[in-house]
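This report refers to the structure that appears directly beneath it.
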Amino acid sequence: MTSMPSVLDLAPVVPVVVVEDAANAVPLARALVAGGLPVIEVTLRTPSALEAIQAIADEVPDAVVGAGTVLSAESVDESVAAGARFLVSPGWTDGLLEAMKAAGVPFLPGVSTTSEVVALLERGVREMKFFPAEAAGGTVYLQSLAGPLPQARFCPTGGISLASAPSYLALRNVGCVGGTWMLPADAVAAKDWARVERLADQAARLRPRL
1219 MTSMPSVLDL APVVPVVVVE DAANAVPLAR ALVAGGLPVI EVTLRTPSAL EAIQAIADEV
1279 PDAVVGAGTV LSAESVDESV AAGARFLVSP GWTDGLLEAM KAAGVPFLPG VSTTSEVVAL
1339 LERGVREMKF FPAEAAGGTV YLQSLAGPLP QARFCPTGGI SLASAPSYLA LRNVGCVGGT
1399 WMLPADAVAA KDWARVERLA DQAARLRPRL
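Listed below in structure tokens is the structure:
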């Protein structure tokens, strides 16, 4: 299997996509890629999610499509079989972590407490999803982790907007953020992919301050 750079380093923003209609998956992904956001997390929250992942993997070669809301070993296997190139979970257990490790693709287990971060570091995992970011303490909390736990890096997701994303990306322990603001429900319902592309372009211009 060909390795790829860290998911955290591919783009400043990872769109978190909920696909209700699999027919929207390819044009939506093409709009995001055209706007400069090639890393796309399709959440396993709908019956169409796996079909959407497979369609994007098959038809949008410039996209790096992954599966989000991964909650079980079964969903790990199904996601990778569908073409997911990375996995994201809102939280983790030892069983889920072992399944993600065995899958052969990058993964971001979710954390919201210091103890969870330490437990993952103890298990050799350094890259994590911080969720739900705003509700769990936001930038203040993440900044406080950078001192004692500098080896941990995060993709914060949950409640982040275009306005708040730069403050997250300015933190040295944040590689990228996850968000949904470039996918307004009315634009998706209207299949206004040009608008999605414009919003993606705006998000892609956000860059971490190194």
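Counting along the sequence shown from 1, when you hit position 29 you're at 1247 in the working numbering, and nothing is skipped either side. Backbone N, C-alpha and C define an ideal beta-carbon position, used for all residues, glycine too.
Mapping DSSP to helix, strand and coil, what is residue i?
{"i": "Thr1264", "result": "coil"}
{"i": "Ile1258", "result": "strand"}
{"i": "Gly1396", "result": "strand"}
{"i": "Pro1233", "result": "strand"}
{"i": "Gly1365", "result": "coil"}
{"i": "Asp1410", "result": "coil"}
{"i": "Ala1299", "result": "helix"}
{"i": "Ser1224", "result": "coil"}
With C-beta atoms as the reference, is residue i less than 8 Å away from residue j?
{"i": "Arg1413", "j": "Gly1393", "result": "no"}
{"i": "Ser1297", "j": "Leu1326", "result": "no"}
{"i": "Ala1270", "j": "Val1237", "result": "yes"}
{"i": "Ser1307", "j": "Gly1328", "result": "yes"}
{"i": "Leu1250", "j": "Ala1418", "result": "yes"}
{"i": "Met1318", "j": "Val1294", "result": "yes"}
Quick one: is residue i buried, meaning 16 or more other Cβ sit within 10 Å of its Cβ, or exposed?
{"i": "Met1219", "result": "Summary for Met1219: the model assigns pLDDT 39, below 50, so the residue's position carries little reliability; its value from the coordinates is reported in the next sentence. Exposed."}
{"i": "Ala1381", "result": "exposed"}
{"i": "Glu1415", "result": "buried"}
{"i": "Arg1303", "result": "buried"}
{"i": "Ser1330", "result": "buried"}
{"i": "Gly1309", "result": "exposed"}
{"i": "Gly1322", "result": "exposed"}
{"i": "Val1288", "result": "buried"}
For residue i, list the residues DSSP reports as bridge partners.
{"i": "Lys1347", "result": "Gly1328 and Cys1373"}
{"i": "Ala1285", "result": "Val1260 and Leu1305"}
Q) Is the number of C-beta pairs between the stretch 1223 to 1234 and the stretch 1253 to 1260 that are closer than 8 Å three or more? A) Three or more beta-carbon pairs drawn from the stretch 1223 to 1234 and the stretch 1253 to 1260 are found closer than 8 Å, and the two stretches are therefore classed as touching.
Q | Contact between the stretch 1237 to 1246 and the stretch 1363 to 1370 (3+ Cβ pairs under 8 Å) | A | Of all C-beta pairs linking the stretch 1237 to 1246 to the stretch 1363 to 1370, fewer than three are shorter than 8 Å, placing the two stretches out of contact.
Q.
Would the stretch 1402 to 1410 count as touching the stretch 1325 to 1341 if we require 3 or more Cβ pairs under 8 Å?
A. These segments do not touch.
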